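Participant: Quick note, the sequence shown lines up with residues 29 to 231 if you use our numbering. Don't be surprised by glycine CBs; every beta carbon is placed ideally from N, CA and C. No experiment lies behind these values; they were computed from the predicted model shown.
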Amino acid sequence: MSRWLITRSADDATELATALAERGHEAVAAPLLTIDYSATGPITLDGVQALLFTSSNGVRAFARSERRRDLPALAIGRATAAAARAAGFAAVGCADGDAPALARLAIERLDPAAGALFHPAGKDVAGDLKDTLEAAGFAVRRTVLYRATAAATLPPAAAAALRQGGLAGTLFFSPRTADVFARLVAAAGLVERLRGLIALCLS
29 MSRWLITRSA DDATELATAL AERGHEAVAA PLLTIDYSAT GPITLDGVQA
79 LLFTSSNGVR AFARSERRRD LPALAIGRAT AAAARAAGFA AVGCADGDAP
129 ALARLAIERL DPAAGALFHP AGKDVAGDLK DTLEAAGFAV RRTVLYRATA
179 AATLPPAAAA ALRQGGLAGT LFFSPRTADV FARLVAAAGL VERLRGLIAL
229 CLS
């Protein structure tokens, strides 16, 4: 059994740990980001033909603030698509990739003349999804519905796991999380403990 450090937020870490356990791996949960859903912007769906979800957090933030589930949803990956279905969306498309893959899926399936696209987003956005779709003729409404606050220090579970050794590696699901991890590990004086570990990165 190999041990993997999970840096995802608490909401996503539990599901990921279960998936790893089912495959014979042990997870060490050490969230580096805390999701704040209180920063809800205005949701205007008039004239919107579809929703763009780039994370499970975006799905949760939208579901907390809006009851409509009749619009088609396009999700960046399988976990986000599963979160959309769990939130009650029946028509869910999955790009199974990254922001460029989601843009390609939208361009293939949707017509710019049929209405705008609504993107529930976090305060910090990676990628150029909006620019790519607008260049293809779409109107994209991006509204900040949540904020991800970075940890000030390396979580005790992560520090202990690195000091003890025996980790196979660390899972990163965003460039920001990887950056926060690198900074906090350096501040904790544990950079040498990373030698030989595998970094599995989504983007």
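Does DSSP classify Leu182 as helix, strand or coil?
Facilitator: In the sequence shown, residue 182 corresponds to position 154, counting from 1. In the structure shown, Leu182 sits in coil (DSSP, three-state: anything other than H, G, I, E or B).
Participant: Drop a sphere of 10 angstroms on the beta-carbon of Thr177, count the other beta-carbons inside from all chains shown, and report buried for 16 or more, exposed for fewer.
Facilitator: As a working mapping, residue 177 is identified with position 149 in the sequence shown. Exposed.
Participant: What is the rounded straight-line gap between the Cα of Arg204 and the Cα of Pro140?
Facilitator: On the sequence shown, residue 204 is found 176 positions in, with the first residue counted as 1. On the sequence shown, residue 140 is found 112 positions in, with the first residue counted as 1. Computed Cα separation, rounded: 31 Å.
Participant: I need the boundaries of the alpha helix (DSSP H) containing Gly86, first residue and last residue.
Facilitator: In the sequence shown, residue 86 corresponds to position 58, counting from 1. Start and end: Ser84 to Ser93.
Participant: For Asp64, which residues from the same chain have a beta carbon less than 7 Å from its beta carbon, with the 5 sequence-adjacent residues on both sides left out?
Facilitator: Taking the sequence shown and counting its residues from 1, one reaches residue 64 at position 36. Cβ within range, chain order: Tyr174, Arg175 and Thr177.
Participant: Among Phe209, Leu157 and Ala114, which one has its Cα closest to the Cα of Ala185?
Facilitator: Residue 185 sits at position 157 when you count from the first residue of the sequence shown. Considering only alpha carbons, the answer is Phe209.
Participant: Which one or two residues does DSSP pair with Ala149 in a beta bridge?
Facilitator: As a position in the sequence shown, residue 149 is number 121, starting the count at 1. BP columns for Ala149 point to Val172.
Participant: Nearest by alpha-carbon distance to Ala38: which of Ala58, Arg51 and Leu222 is it?
Facilitator: As a first step, residue 38 is located in the sequence shown; it is residue number 10 there, counting from the start. Cα-wise, what sits closest to Ala38 is Ala58.
Participant: In the DSSP assignment, find the alpha helix (DSSP H) that holds Leu209 and state where it starts and stops.
Facilitator: Taking the first residue of the sequence shown as 1, we reach residue 209 at position 181. Inspection of the sequence shows that residue 209 is occupied by Phe rather than by Leu. Phe209 -> alpha helix (DSSP H) spans Pro203 to Ala215.
Participant: Compute the distance between the beta-carbons of Arg221 and Gly197, then report whether it is under 9 Å.
Facilitator: For the purposes of this step, residue 221 is identified with residue 193 of the sequence shown, where counting begins at 1. For the purposes of this step, residue 197 is identified with residue 169 of the sequence shown, where counting begins at 1. No; because the gap between Cβ atoms is not below 9 Å, this pair is not in contact.
Participant: Since Phe81 contacts Ala107 with CB under 8 Å, what's their CB separation in whole angstroms?
Facilitator: Working through the sequence shown from its first residue, we reach residue 81 at position 53. Working through the sequence shown from its first residue, we reach residue 107 at position 79. 10 Å between Cβ atoms; not a contact.
Participant: So, using beta-carbon positions, are Gly75 and Val172 closer together than 9 Å?
Facilitator: For this step, residue 75 is matched to residue 47 along the sequence shown. For this step, residue 172 is matched to residue 144 along the sequence shown. No, they are not a contact pair.
Participant: Under 9 Å, do Ala206 and Ala164 count as touching if we go by C-beta distance?
Facilitator: By one-based count along the sequence shown, residue 206 stands at place 178. By one-based count along the sequence shown, residue 164 stands at place 136. No, these two residues do not count as a Cβ contact at 9 Å.
Participant: Taking Glu43 as part of the alpha helix (DSSP H), name the residues at either end of that continuous run.
Facilitator: In the sequence shown, counting from the first residue as 1, residue 43 sits at position 15. Unbroken alpha helix (DSSP H) run through Glu43: Ala38 to Glu50.
Participant: Could you give the C-beta distance for Ala189 and Leu195, rounded to a whole number, given that I count them as a contact under 8 Å?
Facilitator: Along the sequence shown, read from residue 1 onward, the residue named residue 189 stands at position 161. Along the sequence shown, read from residue 1 onward, the residue named residue 195 stands at position 167. Confirmed, about 6 Å.
Participant: Indicate the three-state DSSP secondary structure (helix, strand or coil) for Arg31 in the structure shown.
Facilitator: Position 3 of the sequence shown, counted from the start, is the residue given in the question as residue 31. Residue state, collapsed to three classes: strand.
Participant: Quick one: Cα of Leu61 to Cα of Ala144, how far?
Facilitator: Within the sequence shown, residue 61 is the residue found at index 33, counting from 1. Within the sequence shown, residue 144 is the residue found at index 116, counting from 1. Answer to the nearest angstrom: the Cα atoms are 31 Å apart.
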